[in-house]
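Single-structure report; data block below.
There are 2 protein chains.
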Amino acid sequence: MIRFKSLSFLSFARSFSSSAQTSMATAKIIDGTALAKSVREEVAQRIKTLQAQHPRFRPQLAIIQAGSRPDSSVYVRMKSKAAEEVGIKFMHVPLPEEAPVDDIVQVVKKLNSDPTVSGILVQLPLGPHISADGERTVTEAVSPEKDVDGFHAYNIGHLSSRASNPLFNPCTPAGVIKLLDHAGVTIAGSHTVVLGRSDIVGNPVSAMLRKRDATVTQCHSRTRDLPQIVSEADILVSAIGQARFVKGEWLKPGAVVIDVGTNYIPDATKKSGQRLVGDVDFDSAASVASQITPVPGGVGPMTVAMLMENTLQAAERQWEETRARKVKPLKLDIKEKVPSDIEIAMAQTPKPVAELASEIGLLPQEVESYGQYKAKVELSVLDRLGHRKDGKYILVSGITPTPLGEGKSTTTIGLAQALGAHMGRLAFACVRQPSQGPTFGIKGGAAGGGYSQVIPMDEFNLHLTGDIHAVTAANNLLAAALDARMFHEATQSDKALYNRLVPTVKGKRAFAPLMFKH
Amino acid sequence: MIRFKSLSFLSFARSFSSSAQTSMATAKIIDGTALAKSVREEVAQRIKTLQAQHPRFRPQLAIIQAGSRPDSSVYVRMKSKAAEEVGIKFMHVPLPEEAPVDDIVQVVKKLNSDPTVSGILVQLPLGPHISADGERTVTEAVSPEKDVDGFHAYNIGHLSSRASNPLFNPCTPAGVIKLLDHAGVTIAGSHTVVLGRSDIVGNPVSAMLRKRDATVTQCHSRTRDLPQIVSEADILVSAIGQARFVKGEWLKPGAVVIDVGTNYIPDATKKSGQRLVGDVDFDSAASVASQITPVPGGVGPMTVAMLMENTLQAAERQWEETRARKVKPLKLDIKEKVPSDIEIAMAQTPKPVAELASEIGLLPQEVESYGQYKAKVELSVLDRLGHRKDGKYILVSGITPTPLGEGKSTTTIGLAQALGAHMGRLAFACVRQPSQGPTFGIKGGAAGGGYSQVIPMDEFNLHLTGDIHAVTAANNLLAAALDARMFHEATQSDKALYNRLVPTVKGKRAFAPLMFKH
Numbered sequence: 038m039i040r041f042k043s044l045s046f047l048s049f050a051r052s053f054s055s056s057a058q059t060s061m062a063t064a065k066i067i068d069g070t071a072l073a074k075s076v077r078e079e080v081a082q083r084i085k086t087l088q089a090q091h092p093r094f095r096p097q098l099a100i101i102q103a104g105s106r107p108d109s110s111v112y113v114r115m116k117s118k119a120a121e122e123v124g125i126k127f128m129h130v131p132l133p134e135e136a137p138v139d140d141i142v143q144v145v146k147k148l149n150s151d152p153t154v155s156g157i158l159v160q161l162p163l164g165p166h167i168s169a170d171g172e173r174t175v176t177e178a179v180s181p182e183k184d185v186d187g188f189h190a191y192n193i194g195h196l197s198s199r200a201s202n203p204l205f206n207p208c209t210p211a212g213v214i215k216l217l218d219h220a221g222v223t224i225a226g227s228h229t230v231v232l233g234r235s236d237i238v239g240n241p242v243s244a245m246l247r248k249r250d251a252t253v254t255q256c257h258s259r260t261r262d263l264p265q266i267v268s269e270a271d272i273l274v275s276a277i278g279q280a281r282f283v284k285g286e287w288l289k290p291g292a293v294v295i296d297v298g299t300n301y302i303p304d305a306t307k308k309s310g311q312r313l314v315g316d317v318d319f320d321s322a323a324s325v326a327s328q329i330t331p332v333p334g335g336v337g338p339m340t341v342a343m344l345m346e347n348t349l350q351a352a353e354r355q356w357e358e359t360r361a362r363k364v365k366p367l368k369l370d371i372k373e374k375v376p377s378d379i380e381i382a383m384a385q386t387p388k389p390v391a392e393l394a395s396e397i398g399l400l401p402q403e404v405e406s407y408g409q410y411k412a413k414v415e416l417s418v419l420d421r422l423g424h425r426k427d428g429k430y431i432l433v434s435g436i437t438p439t440p441l442g443e444g445k446s447t448t449t450i451g452l453a454q455a456l457g458a459h460m461g462r463l464a465f466a467c468v469r470q471p472s473q474g475p476t477f478g479i480k481g482g483a484a485g486g487g488y489s490q491v492i493p494m495d496e497f498n499l500h501l502t503g504d505i506h507a508v509t510a511a512n513n514l515l516a517a518a519l520d521a522r523m524f525h526e527a528t529q530s531d532k533a534l535y536n537r538l539v540p541t542v543k544g545k546r547a548f549a550p551l552m553f554k555h
Numbered sequence: 038m039i040r041f042k043s044l045s046f047l048s049f050a051r052s053f054s055s056s057a058q059t060s061m062a063t064a065k066i067i068d069g070t071a072l073a074k075s076v077r078e079e080v081a082q083r084i085k086t087l088q089a090q091h092p093r094f095r096p097q098l099a100i101i102q103a104g105s106r107p108d109s110s111v112y113v114r115m116k117s118k119a120a121e122e123v124g125i126k127f128m129h130v131p132l133p134e135e136a137p138v139d140d141i142v143q144v145v146k147k148l149n150s151d152p153t154v155s156g157i158l159v160q161l162p163l164g165p166h167i168s169a170d171g172e173r174t175v176t177e178a179v180s181p182e183k184d185v186d187g188f189h190a191y192n193i194g195h196l197s198s199r200a201s202n203p204l205f206n207p208c209t210p211a212g213v214i215k216l217l218d219h220a221g222v223t224i225a226g227s228h229t230v231v232l233g234r235s236d237i238v239g240n241p242v243s244a245m246l247r248k249r250d251a252t253v254t255q256c257h258s259r260t261r262d263l264p265q266i267v268s269e270a271d272i273l274v275s276a277i278g279q280a281r282f283v284k285g286e287w288l289k290p291g292a293v294v295i296d297v298g299t300n301y302i303p304d305a306t307k308k309s310g311q312r313l314v315g316d317v318d319f320d321s322a323a324s325v326a327s328q329i330t331p332v333p334g335g336v337g338p339m340t341v342a343m344l345m346e347n348t349l350q351a352a353e354r355q356w357e358e359t360r361a362r363k364v365k366p367l368k369l370d371i372k373e374k375v376p377s378d379i380e381i382a383m384a385q386t387p388k389p390v391a392e393l394a395s396e397i398g399l400l401p402q403e404v405e406s407y408g409q410y411k412a413k414v415e416l417s418v419l420d421r422l423g424h425r426k427d428g429k430y431i432l433v434s435g436i437t438p439t440p441l442g443e444g445k446s447t448t449t450i451g452l453a454q455a456l457g458a459h460m461g462r463l464a465f466a467c468v469r470q471p472s473q474g475p476t477f478g479i480k481g482g483a484a485g486g487g488y489s490q491v492i493p494m495d496e497f498n499l500h501l502t503g504d505i506h507a508v509t510a511a512n513n514l515l516a517a518a519l520d521a522r523m524f525h526e527a528t529q530s531d532k533a534l535y536n537r538l539v540p541t542v543k544g545k546r547a548f549a550p551l552m553f554k555h
């Protein structure tokens, strides 16, 4: 809200009145509806082209909506319609209005790690019980890579820095820049005045204009001499939500006006009794400005169009990353006088298994870590990657160990190292757990040897995750249960067991057959 | 760099020459050296006060320096000296100049999880082989909670947003604001002109001034009519690195000038042959401005002082968080008709163990996760918390199970629930792994029962992490090795083994005693 207190209007009016009177030409209208349509068509075309090459390429936009505020529902429908039209799959995630922050964050996290979701948007506002801090917790739970709204602090940080670019530009500011470019306006070197300092428009659009080499003056409710400042603007961007606040007389003749405001004012001639107007008094401004966006039909339609562009961009980036996947092998420090197996194994710090999993393209939820260097893989990965071409399977079968002890395991690991680290192919060594004690002395430990070993060798030799033991334990448990049952039924009555129980209150006995609890 | 091409100086000079001539008063000097000293003294005093209450409170600043550029070494020494003076422990982490990005990131991560380190600073520039992207990767590896430089995208994002505050303000911009406040300058409502758009000063100081309700115009190399814009400034902040670029004639009479520039110019009268000057032509500016910072002795000393303030703030926040630790118990969905143990166990989704570990104050490196819901704790935690007062130990000893089967385990878990979830005390239930199979049928599974169970119950009953198995496996391994050795030595010579070996090249035999490899 701009409160407009001290107008030093007099001096300003004097210096500019002459030029304002002489230029009565009507400004060119910047048509946001048409531009938004062409942006959406470009997005649709690009998706079609990519899908022709890669049939599995499928951008998806997920919107989380808590409750069912009518205005929110309208926005969600608009986005859903636009998405469907351009070929972006749409996922609506409705939550109860009273959903607490923690629950919404859980939903966001699930979408973060869902590889079919390209972009995530949390429809604000959330329920009335959620504070501004809570709202921020939710929007910042969105992974920056899927933050198609561009509202995550990480992306705003990059947007606001000179030395870097954000993963996404916020949609409305991006629409403003696109409108200026489309209208052929030179941003670099211009003096641009931005009215408003919201996190949705004013602040990010100022940062973007600065990046495009404009000299930016940002005004707000505490700004003095606003008409004076506005009068210096080659480009004016207004985002303050005050109906027809900016007057044509304030403008520099020939200025370009981008009106982000959407304000409803009473209008008896309309069926709804109201009418949509911008922050700028259109009629007076159009007679001074060189170009101007109308409301409606200016910035409004651009927001959704840019959201589609961001979602496509997210999907493309994620697609590229999946294809560009690369395992970075650890460096081997190979010594001329080869140390013992255990020395070699201990000299190497394994790569954290979570990092390795990410390098080979496993999703976090598909990996169950056991310590920092071991993990199990969910079998669901077989379904997710079912469409992929099968890899080549190399079986290292029975082999007589060489004089230096190289047998099946060493050959298997060595082959994986040669194919993976040296030839750059994605290679996995598949070995069983070491056969260990009972056969020790007859053959090796099944962990390979020399520079071709399974590490962490010590843990591998002690059966890693304890699974084999869990199977034997389950087997023993079952056997003991059967034994106990057979023994008791064959030789005992239940009576002796119940006798152990103490009487309960009221002199009655409680009968709880302990051994058959469940 | 401001390139200064099109001066529309004539019209500007006309309108302001009269006032510039009339105000020949000399500006008040804003003494940064004195203010910086008082900031550092306040920090020192606050640390003393906190240490009087909490003797273990000890802020520490870590600086990573790759290589030994003389200018970097000077800065590091300045910071180290300031830290020591105020009572902040200083850790210098020197790395070789050729250290690759990955290595530096590893060092940063280690410092992130070191609870004795309050703040981390990476002295830039890094080695010449590291690109701007690499440098960003390193600075963004610093945890935002320890980013006392305030350069992390996450903190810049919050700094640049209206709705939030960063964990840290960057030091030089924070110094600028502090100087203005100290000088009694009203920032709110002022028209402030910032020269420069660097990520270290120009951009963040603009965001901070905007937050303080200034109307900010940010200028840079592409700005036209710079003197005209400067002439409108109530406050001028210059950070462009151009010696004496801003002239006194440009200034509005009575303006406040903050000169962030530090530029060396030749000066034959100095022993070093050079002299430090600011971006502003001090002599001419001082006769127009109402207040002005000198160079040196203005903004310069504030940067290090604010770094001390940020480090203290980090330490205090981390200290508070450690003390405010709280376990959030999961909600129990208690049914009137109590379901079976297995139904109750399966109905609850355990809290991810990493989250639980963080709630009870374990550091990530002290916890080794086994799947998502189980973990081992490093014994080093005993040393780290050795100074803490011991907790109370409650032993649930031999007990005759109740008719409903409640024995030692159920009582133990129930007690921990009562003390923890109901009374809000930090309570841990310590139980051994279930005794399982051999005694099944005689007693329960040692996982408790009803709503007082150890979960995940199924995994717990299968010996969780396989440790017991690892011990038996190690024992078997050793036994087999001894057996094999005794058998071979008592009944066999080594000859038969060697006979299995194939001849090597040059007609000689290779002798590799397979079974005694190590």
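As given, the protein sequences belong to chains A and B, one line each in that order. Its first residue numbered 38, the first sequence is counted upward by one per residue in the working numbering. Its first residue numbered 38, the second sequence is counted upward by one per residue in the working numbering. Yeah, the Cβ is synthetic: ideal placement off N, Cα and C, and Gly gets one too. Keep in mind it's a predicted model, so treat the numbers as computed, not measured.
DSSP state of residue i mapped onto helix, strand, coil
i, result
"B/Ala99", "strand"
"A/Val294", "strand"
"A/Thr448", "helix"
"A/Lys215", "helix"
"A/His195", "helix"
"A/Asn498", "coil"
Own chain residues within Cβ distance below 8 Å of residue i, not counting five before or after
i, result
"B/Leu452", "Ile431, Val433, Ala464 and Ala466"
"B/Lys249", "It is worth fixing the name first, because residue 249 of chain B is Arg in this sequence and not Lys. Same-chain partners within the cutoff: Ile214, Ile224 and Ala225."
First through last residue of the beta strand (DSSP E) which encompasses residue i
i, result
"A/Ser235", "No beta strand (DSSP E) holds A/Ser235; DSSP gives it neither H nor E."
"B/Cys256", "Thr252 to Cys256"
"B/Arg312", "Gln311 to Val314"
Same chain, Cβ closer than 7 Å to residue i, neighbours up to 5 away in sequence not counted
i, result
"B/Pro387", "Tyr410, Ile492 and Pro493"
"B/Ile479", "Residue confidence is low: B/Ile479 scores 45 on pLDDT, short of 50, so the model does not pin down where it sits. Its coordinate-derived value is still stated next. Here the set comprises nothing."
"A/Glu436", "In the sequence on display, residue 436 of chain A carries Ile and not Glu. Gly444, Lys445 and Thr448, listed in sequence order."
"A/Asp370", "Ala384"
"A/Glu346", "Val76 and Val80"
"B/Ala178", "Val142, Val145 and Lys146"
Where the alpha helix (DSSP H) containing residue i begins and where it ends
i, result
"A/Leu441", "First-last for A/Leu441: undefined, no H or E at that position."
"A/Arg77", "Gly69 to Gln90"
"A/Arg462", "Element bounds for A/Arg462: n/a, residue is neither H nor E."
"A/Val508", "Asp504 to Thr528"
Distance, residue j Cα to residue i Cα
i, j, result
"A/Thr153", "B/Ser268", "55 Å"
"B/Asp427", "B/Leu400", "19 Å"
"B/Asp186", "A/Ile193", "18 Å"
"B/Lys413", "B/Ala394", "10 Å"
"B/Ala517", "B/Val508", "14 Å"
"B/Arg95", "B/Gln350", "12 Å"
"A/Ile450", "A/Lys372", "19 Å"
Close-in-space but distant-in-sequence residues of the same chain around residue i (CB under 6 Å, 5 per side omitted)
i, result
"B/Ile272", "Ser227, Thr229 and Val293"
"A/Gln328", "Ala64, Lys65, Ile67, Ala220 and Val293"
"B/Pro208", "Pro is not the amino acid found at residue 208 of chain B; the sequence shown has Cys there. Here the set comprises Thr340, Met343 and Leu344."
In chain order, which continuous runs of the beta strand (DSSP E) of length 3 or greater are located wholly inside the region 367-425 of chain B?
-> Scanning the region 367-425 of chain B from its first residue to its last, the whole beta strand (DSSP E) runs of 3-plus residues come out as 404-407 and 411-414.
In the region 105-190 of chain B, which residue ranges form an unbroken beta strand (DSSP E) of at least 3 residues, counting only runs that do not cross its ends?
-> The qualifying runs are 126-132 and 156-159.
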